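Here the protein sequences line up with chains H and V, keeping their order. Residue 8 is where the first sequence starts when you use this note's numbering, and the numbers rise one by one after that. Residue 123 is where the second sequence starts when you use this note's numbering, and the numbers rise one by one after that. The beta carbon of each residue, even a glycine, is placed where N, CA and C say it ideally should be. Quick caveat: nothing in here was measured; it's all calculated off a predicted structure. As structure tokens, the structure follows; a few thoughts come after it.
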Amino acid sequence: MSLLFGRTAACALFFLALVPAATALAVDAPRPDAAQIELDQALQALKDEAISLHAEGLDVEEAVLYPPESRVTLYFGVAVSALLVESVTFRIDDGAPQTVPLDERQAKALLRDQSLMRLARVNVSPGAHRVSAEFRGRFADAKADSPPVSARYEAIFDKALAPAELELRVTRRSRRAEPQLDLREWRPAR
Amino acid sequence: MRAWLAGTVALFGGLLTALPLAAAEIYAAGSSADPAVRAATFLGEDRRHYSAAAELLRLPAARGGDTPPSALAKTLADNYLGFGVRDRAERLYRQIAGSGLEPEVLARAGLRVASFDYQRGYYSEARATLMRLRGSLPESLIPEWQDLLARVLMSQGRYSEAVEVLTELKNSRDQSDYSRYNLGIALINDGRTGQGRTALDRIGRGPVVDAETLALRDKANLILGWNFLQNRQGASARPVFGRVRSEGPFSNRALLGLGWAELSPDGSRQARLEIGDEVSEDIAPFSTFSTLGVLLRPGFLDRDIYNRAGLRSFRLQRTDPDEEAALKRALVAWVELISRDPQDPAVQEAWLAIPFSLDRLGAHTQAQQYYEQAVEKLEAARERTEQALLAIAGGRMVETIVRRDPDAESGWTWSLRDLPDAPETYYLQTLIAEHRFAEALKNYRDARLLARQLQGWQQRLGELDAAYRSRDAQPADPARLIDHALQRGRPAPVKGAALSLRAESRLGLPGRHARRPAETAPMPLTLQLAGTPRRFDGPFERIQALRARSAGLLPAVEASATEHRALLERLASEELRAQKKQIEKYLVEARFALARLYDRQLQGPDPDEFEIKK
């Protein structure tokens, strides 16, 4: 048998058998069929409705469980670049201290666009109340054995009949200064 | 840790001085300073798109008929899209198009919508969105836009237009390796084979930056090698296959191709062609890792490979020396290949290719033995495939894949990080990487998440209802109210309390008057009962309405989850059935070859049979 024949036979085998590799040039896998697209569109509508229901549910829940005259919402934000917060501990009046751990994605999320993490929503009576907090974290470029960054803070806030929105914020006065915590209250413009 | 605890104790032990809070800061509702918007931004960045969208939707500015403030609308749209609610997101993006947001922000949003459409298979919509963006694109986003539009056009089979998109702006240096790879594929599919091969060759010889570019380089070499092979240009295919890593996602198919390339005609020499504005330059192939060319280089592993394959003992006779050499080189690649995953089609084909070559070499006995082993291996592979099909039919496969992070709200941005340790998912790696499967998988997860959320709301609303009703059942205690009032020294406004009344003689009309105003007749006052309001929207009524809505929505969501699971199982079953069909095709080949060999034995000694050394 000639070499040419052998090669022809060999090529015949691989052209017969190796369909998957040969079709690799087609680049794209089959597109979704009509049934799949219809399912996707139907689910989009259900998602839209579910988000709307969730929003209204949260509204009612807040109205019943956290009436405006007693509601206090406590947020946490970080205004120090590259500071990755690992945990925040807070306490309102004589309540038990509560610690909220943050994973890396949440710590990074807090560095974006002045974002705020909602720590708690509680009911308090009108009048003066004490809020105290502490955070712990580290800079993204810190060495593994460097001590964690932390700061504490305590303040008195006055709860009026309107809902109170408080922001615990990590700041620093200059690039070389140590991060510190402060608290500010927000009110909507009338 | 100890220091932290000590600090915490000190903090909450009241050692610090309490400072009074400064004056409140004012924000415009729905603006980027609004704490609710900022909290939703955090949720979105944490990929909790469902919660983020719901929190934003609670804001009055998002509910009104007017266009919400642009910061609010942008964040809301981002999260709608993140959770896969595309139409709502696009409407919001359109609303804020003229709101003064930076063009780059809007262009990025448009690219995300188009990317969503592309992945979900809405190619026409994706193309329309990208063409609309064309005139307003900042320069920094042009390569991304070109890449996405080219992929959309290629998915529609419009290869010529894809080539034009990737070359007309003459910005090849700004484009990613992925875009240049796609250009190569588009050129070949458009019939411009020479240019396409040159583009793939550049990627296949380019520098490696990370694992992704390494995989892309292997893929380019694999595609290019098979393209040469299909066009009977074995001499060109061989070095290209040799550049593929010896261990990697494309190494098995490259080994198979390398073997066939040894048996393929050499073909003609290939010239490199110009593509667009690319500058022709020689690139030294990167080779700090083990490639097939290194693994199978002549004289290095040949002896070992033959030993492993038990081929040491035969001596060839009456075979063309060139053919013999080619067959032996092919065997080197294939013997290496059959030591790998027997479920891989490339490995299965190698199990047939080896005895085919041995038969051609005249080693009929060894060929027969290999065919018998091939039948055994292929039967086992078919059995495993059937087991996997059963696992899919039993619903195990989909559940295994989505078991991790069931409550993640990442929606469209969710991705499967690794495959669970189950055989059926392993056989479906290629399918799972396809958009049609991956997007259906995301939808299935989302539908299940929605179902759990709705079930949770049914319970929460029930509890709220009970709390509200119990609050109504216990009105304020009058005695306690009176005590409270008396403690403050105020008269109690109730029956029985002592009230002291006196006439006020100094009352007058407000303001200053030069003379006493004329007395006027009192206005007749008519009072009547007002009608009851048509609809009262208090907490109780809202709770009842929400309970009814969630009860209606839940079955639809559960049905959607069931349909998506059925879809996933259908896709997986089709893929496995195709694999099984391929295995059965190989089995027929192997059995036919075996029958031919048995038949030959029955006919007596073959004059071409070689001598076996014991």
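Sub-8 Å separation of residue i and residue j beta-carbons
i                     : j                     : result
residue 73 (chain H)  : residue 125 (chain H) : no
residue 209 (chain V) : residue 187 (chain H) : no
residue 302 (chain V) : residue 349 (chain V) : no
residue 534 (chain V) : residue 243 (chain V) : no
residue 288 (chain V) : residue 270 (chain V) : no
residue 202 (chain V) : residue 175 (chain V) : yes
residue 536 (chain V) : residue 500 (chain V) : no
residue 43 (chain H)  : residue 558 (chain V) : yes
residue 236 (chain V) : residue 251 (chain V) : yes
residue 197 (chain V) : residue 162 (chain V) : yes
residue 346 (chain V) : residue 490 (chain V) : no
residue 156 (chain H) : residue 586 (chain V) : no
residue 710 (chain V) : residue 576 (chain V) : no
residue 497 (chain V) : residue 321 (chain V) : no
residue 89 (chain V)  : residue 462 (chain V) : What is shown of chain V runs 123 to 736, which leaves residue 89 (chain V) out entirely.
residue 194 (chain H) : residue 167 (chain V) : no
residue 283 (chain V) : residue 514 (chain V) : no
residue 389 (chain V) : residue 358 (chain V) : yes
residue 561 (chain V) : residue 169 (chain V) : no
Reference residue i; option with closest CA among the options
i                     : options                    : result
residue 475 (chain V) : V:592, V:271, V:382        : V:382
residue 80 (chain H)  : H:43, H:131, H:196, H:62   : H:131
residue 151 (chain V) : V:167, V:191, V:173        : V:191
residue 275 (chain V) : V:323, V:290, V:240        : V:240
residue 503 (chain V) : V:479, V:188, V:699        : V:699
residue 158 (chain V) : H:166, H:148, H:128, H:154 : H:128
residue 447 (chain V) : V:558, V:501, V:386, V:198 : V:386
residue 455 (chain V) : V:724, V:559, V:468        : V:468
residue 145 (chain H) : H:43, H:185, H:134, H:119  : H:185
residue 179 (chain V) : V:273, V:211, V:332        : V:211
residue 661 (chain V) : V:389, V:560, V:588        : V:588
residue 281 (chain V) : V:273, V:260, V:308        : V:308
residue 213 (chain V) : V:513, V:195, V:519        : V:195
residue 721 (chain V) : V:487, V:495, V:267, V:169 : V:487
residue 167 (chain H) : H:99, H:78, H:191, H:38    : H:78
residue 265 (chain V) : V:279, V:299, V:245        : V:299
residue 684 (chain V) : V:517, V:313, V:388, V:370 : V:517
residue 102 (chain H) : H:191, H:49, H:137         : H:137
residue 254 (chain V) : V:567, V:228, V:574        : V:228
residue 521 (chain V) : V:459, V:477, V:261, V:687 : V:687
Item to check | Cβ contact check for the segment 173–183 of chain H and the segment 85–92 of chain H: 3 or more pairs under 8 Å | outcome: yes
Checklist entry - In chain order, what residues of the segment 112–146 of chain H put their CB closer than 7 Å to some CB of chain V? => result 112, 113, 116, 117, 119, 120, 121, 122, 123, 124, 125, 137, 139, 141, 143
Item to check | Where the segment 79–94 of chain H meets chain V: residues whose CB sits under 8 Å from a CB there | outcome: 80, 82, 84
Checklist entry - Just by C-beta distance, which residues in the segment 60–81 of chain H are closer than 7 Å to chain V? => result 60, 61, 62, 63, 64, 65, 66, 67, 68, 70, 71
Checklist entry - Which residues, in order along the segment 676–688 of chain V, keep a beta-carbon less than 7 Å from a beta-carbon of chain H? => result 678, 679, 682, 685, 686
Checklist entry - At a Cβ cut of 7 Å, what residues of the segment 486–510 of chain V count as close to chain H, listed as they run along the chain? => result none
Next on the checklist: With three or more beta-carbon pairs closer than 8 Å as the criterion, would you say the segment 219–233 of chain V touches the segment 62–76 of chain H?
Outcome noted: no
Next on the checklist: For the structure I just gave you, are there three or more beta carbon pairs, one from the segment 135–143 of chain H and one from the segment 90–108 of chain H, closer than 8 Å?
Outcome noted: yes
Item to check | At least 3 beta-carbon pairs within less than 8 Å: the segment 335–352 of chain V vs the segment 364–381 of chain V | outcome: yes
Next on the checklist: Just to confirm the assignment: which complete beta strand (DSSP E) runs, minimum length 3, are found wholly within the segment 284–358 of chain V?
Outcome noted: none
Checklist entry - When Cβ atoms are compared, which residues of the segment 159–171 of chain V fall closer than 7 Å to chain H? => result 160, 161, 163, 164, 167, 168
Checklist entry - Of all the residues that make up the segment 560–578 of chain V, which are near chain H by a beta-carbon distance shorter than 8 Å? => result 561, 562, 565, 568, 569, 572, 575, 576
Next on the checklist: Which residues of the segment 41–54 of chain H have a Cβ closer than 9 Å to any Cβ of chain V? Give them in chain order.
Outcome noted: 42, 43, 44, 46, 47, 48, 49, 50, 51, 52, 53, 54
Checklist entry - Should the segment 44–63 of chain H be called in touch with the segment 146–159 of chain H, which here means at least 3 C-beta pairs below 8 Å? => result no
Checklist entry - What beta strand (DSSP E) runs, 3 residues minimum, are completely inside the segment 55–102 of chain H? => result 78–85, 90–99
Next on the checklist: Tell me which residues of the segment 263–274 of chain V have at least one Cβ-Cβ distance to chain H shorter than 9 Å, keeping chain order.
Outcome noted: 273
Checklist entry - Got a sec: which bits of the segment 655–678 of chain V sit with their beta carbon under 7 Å from any beta carbon on chain H, in order along the chain? => result 661, 664, 665, 668, 671, 672, 675, 678
Checklist entry - In the segment 197–220 of chain V, which residues sit with their C-beta less than 8 Å from some C-beta in chain H, listed in chain order? => result 202, 205, 206, 207, 208, 209, 210
Checklist entry - For the segment 502–528 of chain V, which segments carrying the alpha helix (DSSP H) assignment without a break, of at least 4 residues, lie completely within its bounds, in sequence order? => result 518–524
Checklist entry - According to a CB-to-CB cut-off of less than 8 Å, which residues of the segment 310–329 of chain V neighbour chain H? => result 310, 311
Item to check | Members of the segment 171–192 of chain H that neighbour chain V once the beta carbon cut-off is set at 7 Å | outcome: 172, 174, 190, 191, 192
Checklist entry - Where are the beta strand (DSSP E) runs, 3 residues long or more, that stay fully inside the segment 126–196 of chain H, in chain order? => result 134–146, 156–166, 171–178, 187–195
Item to check | Contained beta strand (DSSP E) runs [length at least 3] in the segment 203–266 of chain V, N- to C-terminal order | outcome: none
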